[in-house]
Structures are given as structure tokens and as C-alpha cells.
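I have placed the structure first, in the form of C-alpha cells, so that the comments after it can refer back to it.
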Amino acid sequence: MTLADIPGLYNYWIVILLMMTGLYIVVSRGNLVKKIVGLVIFQTAVFLLYISMGKIIGGTAPILTGRPEIFSNPLPHVLILTAIVVGISTTALGLALVVRIGDAYGTIEEDEIAKADHEAEFGGPETP
Amino acid sequence: MIDIVLLTFLALTALAIVRLRHLFAVVMLTGVYSLLSAGLFVLLDAVDVAFIEAAVGAGISTVLMLGTLALTSRREKVPGRIPVLPLIVVLITGAALLYGTLDMPRFGDAGAPIHRHVAPRYIHDSGTEIGVPNIVTSVLASYRGFDTLGELTVIFTAGIGILLLLGGTGGRRRKDEEMEEEG
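Protein sequences appear in the order of chains A and B.
Going by our numbering, the residue at position 122 of the first sequence is 122; the numbering climbs one at a time, nothing skipped.
Just add 1000 to the spot in the second sequence (first one is 1) and you have our numbering.
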């Protein structure tokens, strides 16, 4: 690859940065709402990756107007439309689980939940 | 040019979300993030996706998260130590993915494999076969109609799951509040 390739890959690189930001939030943060926000960021980055691959420079939105035109690829759009709707369903279900956990434990921090679980099981605080 | 600006804004928003501890601000920035990506979808010719992302990502999902915050807590606890292991994992994964992009067709290349096969058939024939000008609509609602039906099943199942999870709590919460008022 040469320096001239960088504009052609910029989209993909930012998408990867966004994906990794989302992954980092999911792995490193203990707050359950923040974890779901991380998942949403990762998801949207994947959408961007697909849509970027479908774009043709000089193309237009895939709507037939009768004039001869270059259209961007409509198939990634269809896939991502479905993915967005499935994504909101899983987000909503995850948030409902968070609310339920918050009701049962009084906290939505991962380490405090683990501590409460440990105390309920063994009857005492965790020994390191 | 404007897409590079939008992409940079997206990256900045995501990094701000990592740093912020106030969950209300985090949720608001998630809305901003969705709206920016919707703008980017318009630039990338995916107008239908942009509509859905603006309505669902920036609208509904923000409302759901705000509702969750109202029912739980608004501040994230500050961890005692900086997590190093996740950072290493993320950096290695990111480097592997970056290496993978070097072989990808360049952005906007009309000769890329994705544009050579299946897609031209839909672009040429869907107008006469289905008669809807919007190709995305005709694929979604006609060629892949059963898939869209399956998508509705997913939403329905998620709705049932949420009702089962939260259906019982309303009564208990009210009882708790009554007990607090009495005690």
C-alpha cells in the first residue's frame, strides 16, 4: 500500500476505531447501562462498514428515476435496515434486564452485583 | 470532504462517551452519535437507512435509555484502577482489523466485487418485476418479504420478553413506596 491509498481506506479505519471504542466500553466498564451504550456504538460502526462498502463514487441513491444513472449498491442498505430493527430489539431487551437487575440488587455496577452474589452464597464478604 | 468531517466528529463523540461518567450526558451523546451516523448514511446514498437510524437510533433508543436511567442510577462508579488488559485486547483486535482492511477494495470503487454480482440484477430488473421505484423497498418487501416477516417476529419476541421482565415490577415498586410512606 502507498500513501495514495489512505483516502480510500479512511472510512474503514474510522469504522474500526469506532468498533474498538465500543468493544473497549463493553469490556472495561462495570456499569451496565454504559456497557449497552458500548454495544450500540459497536453496532452502528458495523452498519457504517457495510454502507461504506456499498457506496460508488459518483453514484446516487438506488431509486429508479427513468434516467440512466449509476446507483450505489442497494443490498447492504436492505441488510442494515433489518439489522437496525433487530438491534433496537436487543437493546430494549438488554435495558429491561438492567432495570430488573437494578430492582433486585439496588445497583447496576458489575462488581457490586458480584459482591452481593458472593455474600448471598457464602454468607460473608469476599476474601482476596 | 463533509464525510471526512462527519467521520471525525463521530470518532470524537465515541471517545467522549468513553471518558464521561455522567450517564445522562453519555445517553445524550449516544443520540448525537446516531444522528451523525444518519447524516453519514445520507452521504453514502443510503437514504432509507438514514431515516431508520435517525428515528430508531437517535429517537427511540435514547428514550429507552433515559427511561432506564430514571429507574436506576445516573452516575457511573469510578473504578479504582485503570483497566489495562481490556486496552491490550482492544489494541490487538484493532491492529488485526486494520491489517485486514489493506486488502479491501478502495472506498467508492465501482469495480469492487460487491458491485459486480447479485446487485446489478436487482438494479436492472426490479423496476419491471416489482414496479416500485425504490430498489431498497422492493427488495425488502418483495424479494425478501419472508425475511422481513422474520424480523417482525424478532420485535414481537423482544416485546414479550420485556413485558415478562418488567410486568411484575410495577406492582412491587408501588408496594415498596406505600411501605416507605407508612414507615
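Idealized CB from N, CA, C, for every residue including glycine.
Can you give me, in chain order, the residues of the region 1150-1163 of chain B that have a beta carbon less than 7 angstroms from any beta carbon in chain A? GLU1151, VAL1154, ILE1155, ALA1158, GLY1161, ILE1162
Have a look at ALA83(A) and GLY1150(B) and give me their C-alpha separation to the nearest angstrom. 12 angstroms
Roughly how many whole angstroms lie between the Cα atoms of GLU1076(B) and VAL1090(B)? So the two alpha carbons sit approximately 22 angstroms from each other.
In the region 1121-1159 of chain B, which residue ranges form an unbroken alpha helix (DSSP H) of at least 4 residues, counting only runs that do not cross its ends? 1135-1138
Using the Cα positions of VAL1144(B) and HIS1022(B), report the straight-line distance between them to the nearest angstrom. The displayed chain sequence assigns Arg, not Val, to residue 1144(B). Their Cα atoms are separated by approximately 42 angstroms.
Enumerate in chain order the residues of its own chain whose CB-to-CB distance from GLY22(A) is below 7 angstroms, with the five nearest sequence positions on each side excluded. GLY38, LEU39, ILE41, PHE42, ALA45
How about ILE1022(B): is its C-beta nearer than 8 angstroms to some C-beta of chain A? Correcting the residue type first, residue 1022(B) is His in the shown sequence and not Ile. By this cut-off, HIS1022(B) is not an interface position.
Within 7 angstroms of chain A by C-beta, residues of the region 1121-1145 of chain B in sequence order: TYR1122, ILE1123, GLY1127, PRO1133, ASN1134, ILE1135, VAL1136, VAL1139, LEU1140, ARG1144
What residues in its chain sit with their C-beta under 6 angstroms from that of PHE47(A), if we drop five residues either side in the sequence? Closer than 6 angstroms at Cβ, skipping near neighbours: ILE80.
Below 8 angstroms, how does it come out for the region 3-17 of chain A and the region 1092-1103 of chain B: are there three or more Cβ pairs, yes or no? yes
Return the CA-CA distance between GLY30(A) and MET1104(B), expressed in angstroms with no decimal places. 35 angstroms
Name, please, each residue of chain B whose Cβ falls closer than 8 angstroms to the Cβ of TYR10(A). ILE1004, LEU1007, PHE1107
On a CA-only basis, which of PRO74(A), ALA96(A), ILE25(A) is nearest ILE1162(B)? Give me that one, please. The closest CA to that of ILE1162(B), considering only PRO74(A), ALA96(A), ILE25(A), is found on ALA96(A).
How would you label THR151(A), buried or exposed, when you count the other beta carbons within 10 angstroms and need 16 or more for buried? As shown, chain A starts at 1 and ends at 128. That puts residue 151(A) outside it, with no answer to give.
Under 8 angstroms, Cβ to Cβ, is there at least one residue of chain A near GLY1183(B)? Low local confidence applies: a pLDDT of 46 at GLY1183(B) is under 50, so the model's placement there is unreliable, with the coordinate-based value given in what follows. So, not an interface residue.
So what's GLU1076(B) in DSSP terms, helix, strand or just coil? coil
For VAL1061(B) and ALA1038(B), what's the separation of their Cα atoms in angstroms? As written in the sequence, residue 1061(B) is Ser, which differs from the Val given in the question. The straight-line gap from Cα to Cα measures roughly 14 angstroms.
Test item: CB-CB of SER89(A) and VAL1154(B) under 8 angstroms: It is a contact, given that the beta carbons lie within the stated cut-off.
Proximity of VAL99(A) and THR1030(B) at Cβ, strictly below 8 angstroms: Their beta carbons are not under 8 angstroms apart, which means VAL99(A) does not touch THR1030(B) by this criterion.
Between PRO1086(B) and TYR24(A), which are expected to be in contact by the criterion C-beta below 8 angstroms, what is the C-beta distance as a whole number of angstroms? 6 angstroms
Work out the CA separation of ARG67(A) and PHE1041(B) for me, nearest whole Å. 23 angstroms
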